Amino acid sequence: MYKEEQVHFEKLIQKIQKPDFQRNQGLSNEVGYYIYPYNVADTPRVRANLDDLTKSKTAMKINLKVFDLYDIMLDSIHKLKGIADDDPFRILAEMEKQSGIDQVAQQINSLMRMDENNNDVVMYVQDHVDNQHCVIFITGVGKVYPLIRAHKVLNTMHQVLDKNPVVMFYPGKYNEQNLQIFGEANDQNYYRAFLI
């Protein structure tokens with residue numbers, strides 16, 4: 623598995639360096655969204671590879687921007703401090719005890735406006751990209767599941783961020799029709815992303 627993942631990641635590095643990839647060309651008028659699926663057991667290796675890549679000359683050359691969904695979610699929750707009567711993290715923990723994780727997921731999706739095109743994830747990425755030509759990596763899908771779903775991020779993001787190629791690192795399977803997080807739970811159909 624380790625060797626397969628290493629080969630997979632090296633193919634990704636080759637692909638993101640191609641000028642056509644960076645300019646979203648050759649996609650038959652499709653938005654340049656890609657899913658990089660990987661086996662959950664390979665998560666430490668994928669993280670190490672990403673860490674190495676972000677520190678490389680390649681990252682500087684292509685202007686690589688990496689966004690972790692978990693960090694974006696925490697940022698959104700932190701913004702409630704001082705507005706809510708109590709610590710928002712304590713409120714969510716108590717909500718999970720009393721009502722379950724589905725209620726917490728519903729509240730977080732509402733807080734982050736995940737049903738809107740200009741939701742917190744899209745706005746965070748847009749603010750940090752600021753019309754730059756770059757390659758965008760989205761990580762942290764497994765860390766935020768089931769609170770935030772990958773298909774929801776992709777469905778709203780492609781409405782707004784359509785100039786730069788976006789690669790979502792997905793701990794599971796993707797066959798250009800279905801997302802299957804952790805290789806077992808279905809995370810809805812998604813047809814607009816290319817397999818990488």
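For the sequence shown, my numbering begins at 623 and goes up steadily by one. From the three backbone atoms N, C-alpha and C, an ideal C-beta is built for every residue, glycine too. As the structure is a prediction and not an experimental result, all values here were calculated from the model.
Nearest-angstrom Cα separation, counted from residue 646 out to residue 636
Distance from the CA of residue 636 to the CA of residue 646, rounded to the nearest whole angstrom, comes to 15 angstroms.
Close-in-space but distant-in-sequence residues of the same chain around residue 639 (CB under 8 angstroms, 5 per side omitted):
Scanning its chain for C-beta atoms nearer than 8 angstroms, with the 5 sequence neighbours on each side dropped, one finds around residue 639 the residues 680, 683, 684, in chain order.
Spatial distance of residue 695 from residue 763 (CA atoms)
When only Cα atoms are considered, residue 695 and residue 763 end up about 11 angstroms apart.
Neighbourhood of residue 795 by C-beta distance below 6 angstroms, restricted to the same chain and skipping five residues each side:
These residues qualify, in order along the chain: 659, 802, 805.
Taking just the CA atoms, how far does residue 742 sit from residue 720?
Residue 720 and residue 742: Cα-Cα distance of roughly 26 angstroms.
Under a three-way DSSP split, which group does residue 705 fall into?
Note: residue 705 maps to coil in three-state DSSP.
Delimiting residues of the beta strand (DSSP E) encompassing residue 790
Unbroken beta strand (DSSP E) run through residue 790: 788-796.
Helix, strand or coil, according to DSSP, for residue 767 in the structure here?
Secondary structure at residue 767: coil, using DSSP grouped into helix, strand and coil.
Threshold first: 3 residues or longer. Then list the beta strand (DSSP E) segments lying entirely within the segment 639-689, N to C.
Along the segment 639-689, the beta strand (DSSP E) occurs as fully enclosed runs of 3 or more residues at 655-660, listed in sequence order.
Reduced DSSP secondary structure (H/G/I, E/B, other) of residue 754
Coil.
I think residue 782 touches residue 744, with their Cβ atoms under 8 angstroms apart; what is that distance to the nearest whole Å?
Yes, they are in contact, since the Cβ atoms of residue 782 and residue 744 sit about 5 angstroms apart, within 8 angstroms.
Sort out for me which residues DSSP pairs residue 801 with in a bridge.
Residue 801 has 796 as its beta-bridge partners, per DSSP.
Endpoints, the alpha helix (DSSP H) within which residue 774 is located:
Boundaries of the alpha helix (DSSP H) around residue 774: 772-782.
Which value, in whole angstroms, describes the spacing of the CA atoms of residue 818 and residue 797?
Here the C-alpha atom of residue 818 lies approximately 10 angstroms from the C-alpha atom of residue 797.
Work out the CA separation of residue 722 and residue 753 for me, nearest whole Å.
Taking the Cα positions, residue 753 is about 40 angstroms away from residue 722.
First and last residue of the alpha helix (DSSP H) that includes residue 731?
Segment 723-733, the alpha helix (DSSP H) holding residue 731.
Status (buried if at least 16 other CB within 10 Å, exposed otherwise) for residue 662:
Classification of residue 662: exposed, given that the 10 Å Cβ count is below 16.
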